[in-house]
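Chains L and A supply the protein sequences, listed in that same order.
Numbered by the numbering used here, the letters in the first sequence go through residues 22 to 130 in order.
Numbered by the numbering used here, the letters in the second sequence go through residues 31 to 145 in order.
By construction, the Cβ of each residue, glycine as well, lies at the ideal position given by its N, Cα and C atoms.
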Amino acid sequence: QKEVEQDPGPLSVPEGAIVSLNCTYSNSAFQYFMWYRQYSRKGPELLMYTYSSGNKEDGRFTAQVDKSSKYISLFIRDSQPSDSATYLCATRKTQKLVFGQGTRLTINP
Amino acid sequence: GAVVSQHPSWVICKSGTSVKIECRSLDFQATTMFWYRQFPKQSLMLMATSNEGSKATYEQGVEKDKFLINHASLTLSTLTVTSAHPEDSSFYICSARGASTDTQYFGPGTRLTVL
């Protein structure tokens with residue numbers, strides 16, 4: 022079993038839709054959770070960073086962590102074509118990051 | 031803040047030559063730097079972790095004599111791919127973490143093509 026599981030998609034939605042991206046993890050000791058956005062042929066860009074359970078909002082993005090079910094989510098409101106990218110969830114294990122497989126998202130105008 | 035640069039952004043070389051990739055933290059001191067490799071449509075694979083002034087720690091299956099990592103200062107780490115072969119062609123990405131940060135900030139990546 023992978024430590025972080027993420028549906029690779031691809032996921033395609035119309036512009037303006039609410040997007041929900043999800044990951045599950047296996048180790049209840051994980052405390053730090055991140056979402057990265059990666060455009061084609063570019064390095065990952067940190068979008069959201071959360072510690073333990075709860076919600077965190079930044080503009081159109083909301084990150085949610087449910088430690089009881091080992092489930093992390095990223096919601097994108099009012100999605101834009103510029104949001105089309107691969108989204109990677111990650112958690113920190115000692116000083117390393119453990120990544121999900123990444124979900125390819127396309128927002129159609 | 032938290033900007034990481036890489037140079038070059040892409041490189042093409044002949045089989046058997048060595049290639050050096052630089053990773054710099056521009057606005058913070060990176061106590062730890064990481065090197066990743068990414069194949070098309072796949073997630074990032076950690077190759078090695080380096081702490082400033084120490085030898086790098088390589089992940090299982092990564093040849094340390096082939097992928098030489100140097101982290102001589104708090105703002106610079108280098109990855110040298112020695113005697114490169116076509117199977118080394120990939121997207122190489124570095125990341126950096128400072129003493130006061132809990133997460134990693136990534137560089138833009140270097141695309142290596144070995145002919």
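Looking only at its chain, what residues have a beta carbon closer than 8 Å to the beta carbon of residue i, apart from the 5 residues adjacent to it on each side?
| i | result |
| --- | --- |
| L/Ala111 | Val25, Phe54, Met55, Trp56, Tyr57, Leu118, Val119, Phe120, Gly121 |
| A/Ile51 | Gln36, His37, Pro38, Val41, Thr108, Leu109, Thr110, Val111, Tyr122, Cys124, Thr140, Leu142 |
| L/Val34 | Val40, Ser100, Leu126, Thr127, Ile128, Asn129 |
| L/Pro4 | In the structure as shown, chain L begins at 22 and stops at 130. Residue 4 of chain L is therefore absent and cannot be evaluated. |
| L/Lys114 | Glu24, Asn48, Phe51 |
Go through its chain and collect everything with a Cβ distance to residue i's Cβ below 7 Å, but skip five positions before and after it.
| i | result |
| --- | --- |
| A/Gly128 | Phe58, Gln59, Ala60, Thr61 |
| A/Thr47 | Ala114 |
Using C-beta distances below 6 Å, list every residue in its chain close to residue i, excluding the 5 sequence neighbours before and after it, in chain order.
| i | result |
| --- | --- |
| A/Leu28 | Absent from the structure is residue 28 of chain A, since the part of chain A shown begins at 31 and ends at 145. |
| A/Lys96 | Thr112 |
| L/Thr107 | Gln59, Gly123, Arg125 |
| L/Gly30 | Thr124, Arg125 |
Which residues does DSSP list as the beta-bridge partners of residue i?
| i | result |
| --- | --- |
| L/Gly75 | L/Val86 |
| A/Ser60 | In the sequence under discussion, the amino acid at residue 60 of chain A is Ala, which differs from the Ser named in the question. A/Ala60 is bridged to A/Gly128. |
| L/Gln59 | L/Thr107 |
| A/His37 | A/Glu52 |
| L/Gln27 | L/Cys44 |
Among the options, which has the Cα closest to the Cα of residue i?
| i | options | result |
| --- | --- | --- |
| L/Gln22 | L/Ser47, L/Arg113, L/Gly37, L/Ala38 | L/Ser47 |
| L/Lys91 | L/Gly123, L/Gly75, L/Gly64, L/Ala38 | L/Gly75 |
| A/Phe64 | A/Lys85, A/Pro70, A/Val49, A/Lys71 | A/Lys85 |
| A/Lys94 | A/Ala102, A/Gln72, A/Ala78, A/Glu82 | A/Ala78 |
| A/Gly83 | A/Leu74, A/His101, A/Lys71, A/Ser73 | A/His101 |
| L/Gln116 | A/Val33, A/Ala32, A/Thr87 | A/Thr87 |
| A/Ser80 | A/Leu104, A/Ala32, A/Ser73 | A/Leu104 |
Taking only heavy atoms of the ligand GTP into account, decide whether any of them is closer than 7 Å to the Cβ of residue i.
| i | result |
| --- | --- |
| A/Ser80 | With respect to the ligand GTP, the structure shown offers nothing to examine, as it has no ligands at all. |
Return the Cβ separation of residue i and residue j in integer angstroms, given the expectation that the two are a contact with Cβ distance under 8 Å.
| i | j | result |
| --- | --- | --- |
| A/Phe69 | L/Pro65 | That pair is no contact at about 15 Å. |
| A/Leu67 | A/Ser119 | Sequence check: residue 67 of chain A is Arg here, not Leu. Their Cβ separation, rounded to whole angstroms, is 10 Å, which puts A/Arg67 and A/Ser119 out of contact at 8 Å. |
Count the C-beta pairs between the segment 95–103 of chain L and the segment 39–47 of chain L that are closer than 8 Å, then say yes if the count reaches three, no if not.
yes
Quick check: the segment 36–47 of chain A against the segment 76–94 of chain L, are there 3 or more CB pairs under 8 Å?
no
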